[in-house]
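Student:
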Amino acid sequence: MPVPAWVPIREELRDEEPYGAPQLDVPVQLNTNENPYGPSDETARDIAESVLKVATSLNRYPDREASELRASLAAYLGHGLTADHVWAANGSNEIMQQVLQAFGGPGRTAVSFAPTYSMYPEYARNTHTRWIAGRRRDDFGIDVDAALELIAAEQPDVVILTSPNNPTGTALDPAHTRAILEAAPGVVVVDEAYAEFRRAGTPTALELLDAFPRLLVTRTMSKAFALAGGRLGYVAADPAIIDALRIVRLPYHLSAVSQAAATAALRHEDELLAAVDALRTTRDETAAWLRDRGLDVAESDANFVLFGTFEDRHAIWQGLLDRGVLIREVGPLGWLRVSIGTPEEMDAFRQALLEVI
Ligand code: PMP
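FYI, in UniProt numbering the residues of the sequence shown are 1 to 357.
1. If you reduce the DSSP assignment to three classes, tell me which class Q29 lands in.
2. Taking Cβ to Cβ, would you say G169 is nearer than 9 angstroms to E299?
3. So is Q318 buried or exposed if we call it buried at 16+ other beta carbons inside 10 Å?
4. What first and last residue would you give for the beta strand (DSSP E) that runs through D191?
5. Where does L336 fall in DSSP's three states?
6. Looking at the strands, I want to know which residues DSSP matches up with T127.
7. Exposed or buried, which one is N59 when buried takes at least 16 other CB atoms within 10 Å?
8. Would you list the one or two residues that DSSP bridges to T109?
9. Could you check what DSSP says for residue 359 in three-state terms: helix, strand or coil?
10. Buried or exposed for L272, please, with buried defined as at least 16 other CB atoms from any protein chain shown within 10 angstroms of its CB.
11. If A224 and V276 are in contact, beta carbons under 8 angstroms, what's the gap, nearest whole angstrom?
12. Please report how far the alpha carbon of G308 lies from the alpha carbon of D296, in whole angstroms.
13. Need the endpoints of the beta strand (DSSP E) that I160 sits in, please.
14. Three-state secondary structure (DSSP) at G38?
15. The beta strand (DSSP E) with W87 in it runs from where to where?
16. What do you get for E149, buried or exposed, if any count of 16 or more other CB atoms within 10 angstroms of its CB means buried?
17. Have a look at I132 and G107 and give me their C-alpha separation to the nearest angstrom.
18. Determine the DSSP secondary structure at L326, reduced to helix, strand or coil.
19. Just checking R283 against ligand 1 - is the residue's beta carbon closer than 8 angstroms to any of the ligand's heavy atoms?
20. Return the CA-CA distance between A48 and T263, expressed in angstroms with no decimal places.
21. Would you say the beta carbon of R136 is closer than 8 angstroms to some non-hydrogen atom of ligand 1?
22. Based on DSSP bridge pairs, tell me the residues matched to L306.
23. Whether or not the stretch 58-76 and the stretch 243-252 are in contact is what I'm after, with contact meaning three or more pairs of Cβ atoms, one per stretch, closer than 8 angstroms; do they touch?
24. How close, in whole Å, do the beta carbons of P316 and L336 come, if the pair is a contact with beta carbons under 8 angstroms?
25. Quick one: what's got a C-beta closer than 6 angstroms to R214's C-beta in the same chain, skipping five residues either side?
26. Compare the beta carbon distance of G324 and P115 with 9 angstroms and say whether it is the shorter of the two.
27. Flag this pair as touching only if the stretch 144-164 and the stretch 111-130 have three or more C-beta atom pairs under 8 angstroms; answer yes or no.
28. Whose C-alpha, out of G20, L81, Q259, F103, is nearest the C-alpha of V54?
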């Protein structure tokens, strides 16, 4: 439904819909790559007590620089990073918007490689950044020669790479990341929202930060740290890049409650990352099971699996939903994406899929 004619919205937004997967009340929710394992009682209590401590001073604005949280995030990331190398915001969504506010904008260009996370063009639209989507190969890897040609032709101010990529699960070949970093004239963002789920041997772009000062690596606590509801995303980069992001942030953008909750969750890294290990095992089992059924499955380093292909993917999606299992109709035509849940939830998914196909 277009925005009514009397509402004086920017014309290019009139026919747009707000972004978002359906939020349906379904027993098995495997559609938004959430972590099915919530925090333990002990972790939840620590979060609640930390929030209680700040509750008595909520009459004051929060620490604008989120210093304690940034130091904790830097310690978690390692790689010699300090609080000055890290910036935090309300989800990596907000980080990416700040990146485009600071480094994109009118007269500037951002490039990414589709199929990829469908919010990127929306950040570009909202910041008046010209958006160019290169194509990925059939195996969803990046065609590095084509990518370098596109970068040479467009001279983008921002390149967004995603590793592991959503919705395909594909990790970037580090040689390709390096080649793109060497060629790109502006900033290069590697979105590592799903980094903790990567398979052994898949490297992180954090290793390249020293060599490439225009590299930004974004992460989130929404997935591995089971904190999607807490809204905490962050980015690691050279301190001068972080200072540039601080120019466009809203004052006090990150509430004292968010800062306290995230800092507390980070104290429970061991517990929360143990659940990530379990999810990686379930992911590999799910991919193997789908392959045994004769389906195509994209290689996944994330907490979801893209599988297909179906002549009528909507019918499969609907059939699963009718059986109480919500997955995501997203990605290239014919493919579907299932987030990895608990073993019981994946059982329900398998039973439902067997009935539908
Ligand atoms: N990047 C990618 C690739 C994602 O898939 C998502 C979430 N679906 C995000 C960023 C945003 O995550 P958040 O804002 O919750 O940190």
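Glycine is no exception: its CB is placed at the ideal position from the N, C-alpha and C atoms. Small disclaimer: the values here were computed from a predicted structure and weren't measured.
Tutor: Well, looking at it:
1. As a working mapping, residue 29 is identified with position 29 in the sequence shown. Strand.
2. For the purposes of this step, residue 169 is taken as the residue at position 169 of the sequence shown. For the purposes of this step, residue 299 is taken as the residue at position 299 of the sequence shown. Judged by beta-carbon spacing, E299 lies within the 9 angstroms limit of G169, meaning their Cβ atoms are closer than that value.
3. In the sequence shown, counting from the first residue as 1, residue 318 sits at position 318. With fewer than 16 other Cβ atoms from the protein chains shown falling within 10 Å of its own Cβ, Q318 counts as exposed.
4. The residue you call residue 191 lines up with position 191 of the sequence shown. The continuous beta strand (DSSP E) containing D191 extends over residues 187-191.
5. By 1-based counting over the sequence shown, the position of residue 336 is 336. Reduced to three states, the DSSP call for L336 is strand.
6. One-based indexing of the sequence shown puts residue 127 at position 127. Partner(s): none; T127 has no beta bridge.
7. Taking the sequence shown and counting its residues from 1, one reaches residue 59 at position 59. That one is exposed.
8. In the sequence shown, residue 109 corresponds to position 109, counting from 1. R130, per the DSSP bridge assignment.
9. Absent from the structure is residue 359, since the part of the chain shown begins at 1 and ends at 357.
10. The residue given as residue 272 occupies position 272 in the sequence shown. Counting the other CB atoms within 10 Å of its CB gives L272 a total of 16 or more, which places it among the buried residues.
11. The residue you call residue 224 lines up with position 224 of the sequence shown. The residue you call residue 276 lines up with position 276 of the sequence shown. Beta-carbon to beta-carbon, A224 and V276 are separated by about 5 angstroms, close enough to satisfy the 8 angstroms threshold.
12. Numbered from its first residue, the sequence shown carries residue 308 at position 308. Numbered from its first residue, the sequence shown carries residue 296 at position 296. Approximately 5 angstroms, taken between the alpha carbons.
13. In the sequence shown, the residue the question calls residue 160 occupies position 160. Looking at the DSSP string, the run of the beta strand (DSSP E) that includes I160 is 158-162.
14. Taking the sequence shown and counting its residues from 1, one reaches residue 38 at position 38. G38: coil per DSSP, three-state reduction.
15. Numbered from its first residue, the sequence shown carries residue 87 at position 87. Taken as a continuous stretch (DSSP letters only), the beta strand (DSSP E) holding W87 covers 86-89.
16. On the sequence shown, residue 149 is found 149 positions in, with the first residue counted as 1. That one is exposed.
17. Here residue 132 refers to the residue found at position 132 of the sequence shown. Here residue 107 refers to the residue found at position 107 of the sequence shown. Taken atom to atom, the span from the alpha-carbon of I132 to that of G107 is near 13 angstroms.
18. If you number the sequence shown from 1, residue 326 lands on position 326. Here DSSP, grouped into helix, strand and coil, assigns L326 to strand.
19. In the sequence shown, residue 283 corresponds to position 283, counting from 1. Outside the cutoff, so no.
20. Position 48 of the sequence shown holds residue 48. Position 263 of the sequence shown holds residue 263. If I take the Cα positions, the gap works out to 12 angstroms.
21. As a first step, residue 136 must be located in the sequence shown, where it is residue number 136. Checking the Cβ of R136 against ligand 1 gives no.
22. In the sequence shown, residue 306 corresponds to position 306, counting from 1. Within the DSSP bridge table, the entry for L306 names R337 as partners.
23. Touching, per the Cβ criterion.
24. Along the sequence shown, read from residue 1 onward, the residue named residue 316 stands at position 316. Along the sequence shown, read from residue 1 onward, the residue named residue 336 stands at position 336. Looking at the sequence provided, one finds Ile at residue 316 rather than Pro. Between the beta-carbon of I316 and that of L336 there is about 6 angstroms, and that keeps the pair under the 8 angstroms contact cut.
25. Along the sequence shown, one-based indexing puts residue 214 at 214. So the qualifying residues of the chain are V187.
26. In the sequence shown, the residue the question calls residue 324 occupies position 324. In the sequence shown, the residue the question calls residue 115 occupies position 115. Here G324 is not near P115, since their CB atoms are 9 angstroms or more apart.
27. For the pair of segments examined, the stretch 144-164 was found to touch the stretch 111-130: the number of CB pairs separated by less than 8 angstroms reaches three.
28. Position 54 of the sequence shown, counted from the first residue, corresponds to residue 54. Nearest of G20, L81, Q259, F103 to V54, Cα basis: Q259.
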